[in-house]
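Colleague: Starting off with a structure, shown below.
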Amino acid sequence: EAGVAQSPRYKIIEKRQSVAFWCNPISGHATLYWYQQILGQGPKLLIQFQNNGVVDDSQLPKDRFSAERLKGVDSTLKIQPAKLEDSAVYLCASSLTGWHSPLHFGNGTRLTVT
Amino acid sequence: KQEVTQIPAALSVPEGENLVLNCSFTDSAIYNLQWFRQDPGKGLTSLLLIQSSQREQTSGRLNASLDKSSGRSTLYIAASQPGDSATYLCASWNSGYSTLTFGKGTMLLVSP
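Which chain is which? The protein sequence lines are A and B, in order. Per this note's numbering, residue 1450 is the first one in the first sequence, and the count goes up by one each step. Per this note's numbering, residue 15 is the first one in the second sequence, and the count goes up by one each step.
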């Protein structure tokens, strides 16, 4: 079974620039999550999709972050404009049903904002 | 709001030691509790998942226990090896929450 794929692995940008991350979940997984993990912290949920719909985006800074899930499969997370405090690892995860089913994580994208 | 705390933040042990990682949570109305491993530059790998009705789960040299009444979980690693060096995170899934709440993790270093 192929795992959760994320790209790019690393990205360095200057503040006020924009950036986009891509995630391809495990085939058949209905639920997709984007987490932000700041160095030394646990992952924090940014947004959760169930198929095409958003389940929870309460912690997504909507003035600069946006996300979409195309046709209930792939997803992109965008930051525009980036701030220094956005430097973190952005993790994508998927699960079969969402309701308490195990999460499978990708390797993440490490973003550095200078 | 659920808060998950992990102690210690970092741990260094010689190879062969048995060790215990601690996780505490404030809201005991959990559905399940999971332990993950994270290697540097990698995502999270699920190690053990304990349902709220269970007291413990075992996988190889790993044993995780859950005590909802005291708001605690422990991860026991037997006969530690250098390959166990990683950050270990616990996370709870609470009733009414859409996903997991993570602790900050314990960074483990096992030296040969």
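Idealized CB from N, CA, C, for every residue including glycine.
Flag Leu33 of chain B as yes if its beta-carbon sits less than 7 Å from any beta-carbon of chain A, otherwise no.
Modeller: No, Leu33 of chain B lies away from the interface with chain A (no Cβ there is under 7 Å from its Cβ).
Colleague: Does the beta-carbon distance from Leu1526 of chain A to Ala1542 of chain A come in below 7 Å?
Modeller: Cβ distance not < 7 Å, so Leu1526 of chain A and Ala1542 of chain A don't count as in contact.
Colleague: Please tell me whether Gly1477 of chain A and Asn1501 of chain A are closer than 7 Å, where the distance is taken between their beta carbons.
Modeller: Not closer than 7 Å, so no.
Colleague: Quick one, which residues of the stretch 1523–1539 of chain A are near chain B if we go by CB-CB under 9 Å, in chain order?
Modeller: Under the 9 Å Cβ criterion, the stretch 1523–1539 of chain A contributes Val1538.
Colleague: At the 7 Å Cβ level, is Trp107 of chain B part of the contact set with chain D, yes or no?
Modeller: Going by chain labels, chain D is absent from the structure shown, which instead holds the protein chains A and B.
Colleague: Just mark Arg75 of chain B as buried or exposed, buried being the case when its beta carbon has 16 or more other beta carbons within 10 Å.
Modeller: Under this definition Arg75 of chain B is an exposed residue.
Colleague: Count Cβ pairs between the stretch 24–43 of chain B and the stretch 108–125 of chain B that sit closer than 8 Å; are there 3 or more?
Modeller: Flag = yes, the stretch 24–43 of chain B and the stretch 108–125 of chain B touch.
Colleague: Would you give the residue range spanned by the beta strand (DSSP E) that Ile1528 of chain A belongs to?
Modeller: From DSSP, the beta strand (DSSP E) with Ile1528 of chain A extends over Ser1524 to Ile1528.
Colleague: What do you get for Met22 of chain B, buried or exposed, if any count of 16 or more other CB atoms within 10 angstroms of its CB means buried?
Modeller: Note that residue 22 of chain B corresponds to Pro in the displayed sequence, not to Met. So Pro22 of chain B ends up on the exposed side.
Colleague: So the beta strand (DSSP E) Gln65 of chain B belongs to, where does it begin and stop?
Modeller: Element bounds for Gln65 of chain B: Leu58 to Gln65.
Colleague: From Val1562 of chain A to Phe1470 of chain A, what distance separates their C-alpha atoms?
Modeller: C-alpha separation (whole angstroms): 14 Å.
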